[in-house]
Amino acid sequence: MLSIAAVEGLPEIASGADLGELIAARPPAGLGGFADGDVLVVAHKAVSKAEGRVRRLDDVVPGERAVALAADHGKDPRHVQVVLDETRELLRAERGVLICVTHHGFVCANAGVDASNAAAGGPDTLILLPADPDGSARALRARLRELTGARVGVVITDSFGRAWRHGQVDVAIGVAGVAPLEDWRGRADSVGRELRATWIAIADELAAAADLARGKDSRQPAVVVRGLPGRHALDDDGPGVQALLRPAAEDLFR
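Just so you know, we're using this note's numbering here: the sequence shown kicks off at 1 and counts up by one.
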């Protein structure tokens with residue numbers, strides 16, 4: 001059985017905040033503190049704010065490409081410039097959405113740049129993805145081990161849309177201490193048939209499950225998941241989120 005509980009009472013996260021210390025001081029009461037095998041799932045905005053990954057539109061000077069794209073899609077050219085700054089490759093621009101490959105290799109809308117839940121930064125503040133989400137997850141995991149003594153996994157998340165379905169779902173963008181994938185290819189199903197395509201995205205499933213325990217407007221960016229089968233927990237940090245990213249050569253939609 002999985003138990004999933006949000007961390008209550010976190011303050012607004014400021015640049016330079018010790019996120020690990022803030023979370024360690026507020027373990028979900030129903031779980032009785034952190035324990036080996038727990039997984040901390042954190043919305044990236046808390047991590048990004050702590051790391052100073054924010055941009056104020058007043059500080060942005062848009063270039064010619066940003067101005068042209070903004071005119072075509074009804075967007076603020078300064079916002080578009082920030083998206084371009086976070087983009088390795090622009091795949092498509094349509095209906096006001098820029099589909100980008102970020103410098104991390106994520107394919108997502110607007111390079112993950114978002115103005116929602118900017119809180120103290122105000123409406124003219126944009127929040128970027130962490131520069132190194134796997135590195136952020138590893139650092140947070142190490143800090144929690146230092147403070148609590150527990151060997152926990154960490155998953156950093158963001159909300160992504162899906163090409164074939166309406167709605168967004170939280171997915172992993174940074175992982176430490178959790179096997180991000182479980183490969184069932186070559187095993188047999190319940191009737192003995194060989195599985196040829198079953199490759200389970202454990203980290204993404206944790207991200208989506210944790211999102212059910214908090215509201216988008218609840219200011220509960222951190223969630224603890226307990227009861228993950230032990231085979232998914234790693235003693236070391238593991239391969240991180242890069243294991244989940246499909247190489248461009250295998251991507252049928254690029």
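For each residue, glycine too, the CB sits at the ideal point set by N, CA and C.
Tell me the DSSP secondary structure of residue i in three-state form.
i	result
A25	coil
H166	strand
A131	coil
T148	helix
G174	strand
G161	strand
G30	helix
L245	coil
L19	helix
Going along the chain, which residues of its own chain have a beta-carbon closer than 7 Å to the beta-carbon of residue i, five neighbours each way excluded?
i	result
A43	T157 and P221
D18	none
Whose C-alpha, out of the options, is nearest the C-alpha of residue i?
i	options	result
R65	H79, D134 and D170	H79
E86	R95, G37 and I99	I99
A35	V225, R193 and A139	V225
R92	A111, F160 and R193	A111
D204	D76, S159 and V107	S159
In the DSSP assignment, find the unbroken alpha helix (DSSP H) run with residue i in it and report its ends.
i	result
I13	No alpha helix (DSSP H) contains I13, which DSSP labels as neither H nor E.
A6	Premise fails: A6 lies in the beta strand (DSSP E), S3 to A6, not in any alpha helix (DSSP H).
E205	I202 to D211
Hey, quick one: how far does the beta strand (DSSP E) through residue i stretch, first residue to last?
i	result
L40	V39 to A43
A222	A222 to R226
Considering only residues of the same chain and omitting the five flanking positions on each side of residue i, which have a CB-CB separation below 6 Å?
i	result
H103	R88
L228	V39
V169	A208
A115	L126
R246	none
Which residues in the same chain as residue i place their Cβ atom closer than 8 Å to its Cβ, once the five residues preceding and following it in sequence are excluded?
i	result
G238	V175, A176, G177, V178, A179 and P180
Could you name each continuous alpha helix (DSSP H) segment of 4 residues or more that falls completely within the stretch 51-121, going from the start of the chain to the end? With a minimum length of 4 residues, the continuous alpha helix (DSSP H) runs that stay inside the stretch 51-121 are 64-73 and 77-85.
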